[in-house]
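Reading the sequence shown from the start, the letters are residues 62 to 490 in the working numbering.
Think of the CB as a built atom: it goes at the ideal place given N, C-alpha and C, for glycine as much as any other residue.
Taking it in order: structure first as structure tokens, then the write-up.
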Amino acid sequence: MHGFGRYLAAALAARFASEGMSLAVVLLALERTGSAAHGAFVLTAWLAPHILAAPLAGVAASRTRRPRLFHVGALAGFTCAVAALSVLLGRAPAPLVLAVALLGGSCGPMVTGGMSSLVAGLVPAGAGRDRAYAWDASTYNAAAVTAPAVVGLAAALGSAAPAMAALTLAGALAAALAATLPYGTPQPAPVTNRGAAAGTSPGAARTSPPPAGLGAGLAALWRIRELRAITSATTLAFVGIGTLTTTSVLLASRLGSPGAGGVLMTAFAVGALAGSLTLGRITALEPGRLARWAMAGTGAALAVAAFAPSVTLAAVLFAAAGVCDGPLLTATLRIRSEYAPDAVRTQVFTLGAGLKLTAASVGAALVGFAAAAPPQSLLAGISVLILAAALLHALVARQAPAPAGGAAATTPSGDSATAPSGRRTPGGP
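Here it is, written out as structure tokens:
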């Protein structure tokens, strides 16, 4: 696990900056222009490139001969865009501001899925890597808790500009830490008798897979049943998750506490952090099953929250939903790591993250059109989407029976960009 501690620090800093942008941009635009809509347009430009940039970033990361330079450069570009927006927003012509936001957003996939793809090169396959993904997932949740709080506090004390400065410093710290990480091929599990029987000899050199094409990552997401199941399910779930922030504000207002929407989302984020650090570390449970139960629990808790008579009870139920949601990211990362072919590993991670963010953006837009509806109905709709995602995963994951013969029978060459690589953890969960 050489360098994994530094990786966690870099991931937390980068995701802190990413999570804080959605609130900081809107607050800064409101402060300088008097219009939150201006900030919304900038935020849209920031998020929009994710789905387009994700496959390109994945291909570039897998083909580069200098992965350290590529990852650090992406983080540096992200940080420079945050710094530029803190200066230009509300002061420079709108087209220039939007162009900067588009460029910065194009680096976003490397902050999310791109960084998570590095874990396989830092931690050997096995239960240790599964736990490592639980820690990686916790950085998202920790950032979701702390970043809005820091941004909101800075804005309340005076201005959103210091908040943008804090996000810039966090991005710079992430880039500096990323420069110190070791970059290598995914580390295999220790050789066992089972591995030897499968034809793996101790000391055998791992050869790097040839570069994969632009569409290879998307092909892997579709053709490998486990990847198709988790990607389709989480994309559908995030259409609902993307509406949760706006819905929580509307729900709090309906319950008589207009300013308590942030309390509900903080409760959800704190619960998600607790869930990722506890339930997410259960490596004995197959990750697909863990993902289904996580989505089912989240949807059920939010369905009950739709009938909460007070903000206090709603916050408790939002926290329970967060606890259930916490293991979902851990399970998702484990599935991507176990089943993504080495040649398209980074593409799979960046594409998966890009699809989820795009789905969340779609959800946010949809709830804007339906904002006049009762918030209880909106929250019930969110729960239905997440429950439907759990059902979708179950249906897709069971479309075909698992091949007989265990992992050794399903593990193809690492050179294949579309065939399932099988589990890399002999005897693992």
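Could you spell out the range, first to last residue, of the alpha helix (DSSP H) harbouring P223?
Element bounds for P223: 222-239.
In terms of residues, what are the limits of the alpha helix (DSSP H) holding C385?
Looking at the DSSP string, the run of the alpha helix (DSSP H) that includes C385 is 372-400.
How is A313 classed by DSSP in three states: helix, strand or coil?
In this structure, A313 counts as helix in the three-state DSSP scheme.
When you compare the CB positions of L104 and V86, do they come within less than 7 Å of one another, or not?
In this structure, V86 lies closer than 7 Å to L104 by Cβ.
By DSSP, does R350 sit in helix, in strand, or in coil?
R350: helix per DSSP, three-state reduction.
Alpha-carbon spacing of V372 relative to A321, whole angstroms
The alpha-carbon separation between V372 and A321 amounts to approximately 7 Å.
How would you label A426, buried or exposed, when you count the other beta carbons within 10 angstroms and need 16 or more for buried?
Classification of A426: exposed, given that the 10 Å Cβ count is below 16.
Same chain, Cβ closer than 6 Å to A357, neighbours up to 5 away in sequence not counted
The residues are A451.
Indicate whether the contact test is met: 3 or more Cβ pairs, each with one atom in the stretch 377-384 and one in the stretch 348-368, closer than 8 Å.
Yes, they touch.
Starting from A404, follow the alpha helix (DSSP H) in both directions and report where the run begins and ends.
Looking at the DSSP string, A404 is not in any alpha helix (DSSP H), and its letter there is neither H nor E.
Taking its Cβ as the centre, do 16 or more other Cβ atoms sit within 10 Å of F131, making it buried, or is it exposed?
F131 comes out buried.
Quick test of your reading: A392 and L351, contact by CB under 8 Å. State the CB separation rounded to the nearest angstrom.
So it is a contact: roughly 4 Å between Cβ atoms.
What residues in its chain sit with their C-beta under 6 Å from that of M171, if we drop five residues either side in the sequence?
If we look at M171 and ignore the five residues flanking it on each side, its Cβ neighbours are A118, A135.
Inspect the beta-carbon positions of T296 and A420 and report whether they are closer than 7 Å.
If you check the CB distance, T296 and A420 come in under 7 Å.
Endpoints, alpha helix (DSSP H) assigned at F77:
Its alpha helix (DSSP H) spans residues 65-94.
Who are the Cβ neighbours of A239 in its own chain at under 6 Å, not counting the five residues just before and after it?
Within its own chain, the residues whose Cβ lies closer than 6 Å to the Cβ of A239, once the five positions on either side in sequence are excluded, are A71, H132, V133, L136, listed in chain order.
Per the contact definition of three or more C-beta pairs closer than 8 Å, is the stretch 312-331 in contact with the stretch 404-420?
No, the stretch 404-420 is not in contact with the stretch 312-331.
Only counting the same chain, and skipping five residues up and downstream in sequence, which positions put a Cβ closer than 6 Å to that of A235?
The answer, listed in chain order, is A71, A74, A75, L136.
What does the alpha-carbon distance come out to for the pair L305 and F410?
Answer to the nearest angstrom: the Cα atoms are 24 Å apart.
Within 10 Å of its beta-carbon, does T339 have 16 or more other beta-carbons around it, so buried, or fewer, so exposed?
With fewer than 16 Cβ atoms within 10 Å of its Cβ, T339 is classed as exposed.
Select from H454, V143, G424, A121 the residue whose C-alpha is nearest the C-alpha of F299.
The shortest Cα separation from F299 among H454, V143, G424, A121 belongs to G424.
Could you check whether the stretch 389-403 touches the stretch 187-199, counting it as contact only if at least three pairs of C-beta atoms, one from each stretch, sit closer than 8 Å?
Short answer: they touch.
Can you tell me the Cα-Cα spacing of A155 and A355, whole angstroms?
Whole-angstrom Cα-Cα distance: 41 Å.
Taking only three categories from DSSP, how would you classify A328?
Annotated three-state conformation of A328 is helix, per DSSP.
Cα-Cα, which of T94, V445, L146 is closest to S83?
Closest option to S83, judged by alpha-carbon separation, among T94, V445, L146: L146.
Taking the straight line between their C-alpha atoms, what separation do you get for R190 and G81?
R190 and G81: Cα-Cα distance of roughly 28 Å.
Which same chain residues end up closer than 6 Å to G232 when comparing Cβ atoms and leaving out the 5 residues on each side of it in sequence?
Closer than 6 Å at the Cβ level, and outside the excluded window around G232, lie A78, F139, T140, V143.
Are the CB atoms of Y194 and R527 within a distance shorter than 7 Å?
Because the chain spans 62 through 490 in this model, residue 527 falls outside it and cannot be assessed.
Leaving out five residues on either side along the sequence, give the residues of the same chain with a beta carbon under 8 Å from the beta carbon of I112.
So the qualifying residues of the chain are G415, L416, L418, T419.
Only counting the same chain, and skipping five residues up and downstream in sequence, which positions put a Cβ closer than 7 Å to that of L440?
Closer than 7 Å at the Cβ level, and outside the excluded window around L440, lie T308, L312, L363, A366, A367.
Below 7 Å CB to CB, which residues in the same chain sit around T344 once its five sequence neighbours on both sides are set aside?
Take T344, set aside five residues on each side of it, and the residues of its chain with a beta-carbon closer than 7 Å to its own are A188, D191, R192, P490, in chain order.
Proximity below 7 Å, CB of A330 to CB of V206
It is a contact, given that the beta carbons lie within the stated cut-off.
Buried versus exposed, by CB contacts within 10 Å (16 or more), R484:
Confidence in R484 is poor, its pLDDT being 42 and thus under 50, which makes the residue's placement too unreliable to answer from.
Can you give the Cα-Cα distance for G202 and A333, rounded to whole angstroms?
The amino acid at residue 202 is misidentified as Gly; the sequence shows Asn. Here the C-alpha atom of N202 lies approximately 6 Å from the C-alpha atom of A333.
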